[in-house]
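Read left to right, the sequence shown gives residues 7 to 284 (this note's numbering).
A virtual CB, placed ideally from N, CA and C, is assigned to each residue, including glycine.
All of these numbers come straight from a predicted model, not from anything done at the bench.
Reviewing the structure listed below.
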Amino acid sequence: MITPARRLTAVCALGAALTACGTAPAPQAPQTVRRPALTAPSPPPTLAPGPAGLTPVFRHGPRTRGRTVALTFDADMTAGQGGRAAAGERFDNPRLVAALRRLKVPATVFMTGRWAEEYPAQARAIGRHPLFEVANHSYSHYAFTDDCYGLPALPRKRMRADIDRAFAAFREAGVRKIVPYFRFPGGCHDRRVLKALVPAGVTVVQWDVVSGDAFATDADAVAQQVLDEVRPGSVVVMHCTRSAAPTTERAVRRIVPKLRERGYRFVRVSELIGAVVR
Ligand SMILES: [Zn+2]
Numbered sequence: 007m008i009t010p011a012r013r014l015t016a017v018c019a020l021g022a023a024l025t026a027c028g029t030a031p032a033p034q035a036p037q038t039v040r041r042p043a044l045t046a047p048s049p050p051p052t053l054a055p056g057p058a059g060l061t062p063v064f065r066h067g068p069r070t071r072g073r074t075v076a077l078t079f080d081a082d083m084t085a086g087q088g089g090r091a092a093a094g095e096r097f098d099n100p101r102l103v104a105a106l107r108r109l110k111v112p113a114t115v116f117m118t119g120r121w122a123e124e125y126p127a128q129a130r131a132i133g134r135h136p137l138f139e140v141a142n143h144s145y146s147h148y149a150f151t152d153d154c155y156g157l158p159a160l161p162r163k164r165m166r167a168d169i170d171r172a173f174a175a176f177r178e179a180g181v182r183k184i185v186p187y188f189r190f191p192g193g194c195h196d197r198r199v200l201k202a203l204v205p206a207g208v209t210v211v212q213w214d215v216v217s218g219d220a221f222a223t224d225a226d227a228v229a230q231q232v233l234d235e236v237r238p239g240s241v242v243v244m245h246c247t248r249s250a251a252p253t254t255e256r257a258v259r260r261i262v263p264k265l266r267e268r269g270y271r272f273v274r275v276s277e278l279i280g281a282v283v284r
């Protein structure tokens, strides 16, 4: 993000190319003149607080403003899975990321902090590539409610810290494009958790299309489920972790050309949220 002071400098520098910036410009050594920024980066759009001031929850974009769809990929790794990774289990999926790049598909990766620690080079590459943005899927991938697909539950007083620790892990890995969106492990949440997380300032992102790629072995079935369920503005949940979602890359290679044939344009979640708040 560009600070107001820096933005002013950039605007003045741009203006100075045509005319003086202000009536009495201070002399500047040539090496201190900034190159003009033609477009200032703006912060990612977020939703206003939900009912009763709760953390807002986003499920899909507008249905009536063109055929856009956001593919989202959860880069899951649980805090307790370090031993399994050390033993050779792969929680990453470089071929999937390569396919997205080759197909030029923008995507939002919901990364756990633990994943970024295990695969810092990949986290950094994803978080610096113009196609992608990195959102928060917790540090530990522990549950934020008591009953969530058998995941260990996070004590309430550690929830906020778990989210902050994931953001810190992204920065540590060198991720640049971090967006203030949060996806609950397993998607599990309730009103009390949405209230407890208000100070975190995140927009929660759920989905309206479940790809069914978790533990799937039939890429065609995953692809068909997505193709059957996508509507304009959809958010599709998939995974970027080979051990738990081994068919995702093949499914994506089937899904992308078919949706493009139908006139769909792939976007990141930030664009869908931006379309809602505009
Ligand atoms: Zn997950």
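Proximal residues to residue i (C-beta, below 6 Å), its chain only, five neighbours per side dropped
i, result
"His147", "Asp82, Thr84, Thr118, Pro191"
"Leu60", "Leu200, Lys201"
"Ala122", "Ala129, Ala175, Phe176, Ala179"
Delimiting residues of the beta strand (DSSP E) encompassing residue i
i, result
"Glu139", "138 to 142"
"Ser240", "240 to 245"
"Ala76", "74 to 81"
From the options, residue whose alpha carbon lies closest to that of residue i
i, options, result
"Thr70", "Arg284, Ser249, Leu102, Arg237", "Arg237"
"Val185", "Ala141, Asp80, Arg73, Leu160", "Ala141"
"Val181", "Ala206, Phe188, Ala172", "Ala172"
"Arg248", "Gly72, Phe97, Pro47, Arg73", "Phe97"
"Ala229", "Arg260, Gly207, Lys183", "Arg260"
"Leu102", "Cys154, Val262, Val283", "Val262"
"Arg162", "Tyr155, Thr151, Asp170", "Thr151"
Backbone secondary structure at residue i - three-state DSSP
i, result
"Asp170", "helix"
"Asp226", "helix"
"Val103", "helix"
"Asp214", "coil"
"Leu160", "coil"
"Phe188", "strand"
"Val262", "helix"
"Phe272", "strand"
"Thr151", "coil"
"Phe176", "helix"
"Val204", "helix"
"Val63", "strand"
Residue interval of the alpha helix (DSSP H) (run including residue i)
i, result
"Thr114", "Segment 113 to 117 is the beta strand (DSSP E) holding Thr114; no alpha helix (DSSP H) there."
"Leu53", "That residue, Leu53, is in no alpha helix (DSSP H); it is neither H nor E in DSSP."
"Val236", "Per DSSP, Val236 belongs to no alpha helix (DSSP H) and is neither H nor E."
"Val289", "Nothing in the structure corresponds to residue 289, since the chain is present only between 7 and 284."
"Ala91", "88 to 92"
Contact set for residue i: own chain, Cβ-Cβ below 8 Å, skip 5 residues either direction
i, result
"Arg197", "Leu60"
"Phe64", "Leu53, Tyr187, Thr209, Val210, Val211, Gln212, Val241, Val275, Leu278, Ile279, Val282"
Residues of its chain near residue i, where Cβ-Cβ distance is below 7 Å and the 5 sequence neighbours each way are ignored
i, result
"Val216", "Val243"
- prompt: Do the stretch 251 to 259 and the stretch 211 to 228 touch if we need at least three Cβ pairs shorter than 8 Å?
  reply: Yes: the two stretches touch, three or more of their Cβ pairs being nearer than 8 Å.
task: Answer yes if the stretch 73 to 81 comes into contact with the stretch 100 to 116, meaning at least three C-beta pairs across the two stretches below 8 Å, and no otherwise.
output: Taking a contact to require three or more Cβ pairs closer than 8 Å, the stretch 100 to 116 and the stretch 73 to 81 qualify as touching.
- prompt: So does the stretch 128 to 143 actually touch the stretch 101 to 113, counting three or more Cβ pairs closer than 8 Å?
  reply: Touching, yes.
field: Stretch-stretch touch, CB-based, cutoff 8 Å, three pairs: the stretch 84 to 94 with the stretch 52 to 59
entry: Flag = no, the stretch 84 to 94 and the stretch 52 to 59 do not touch.
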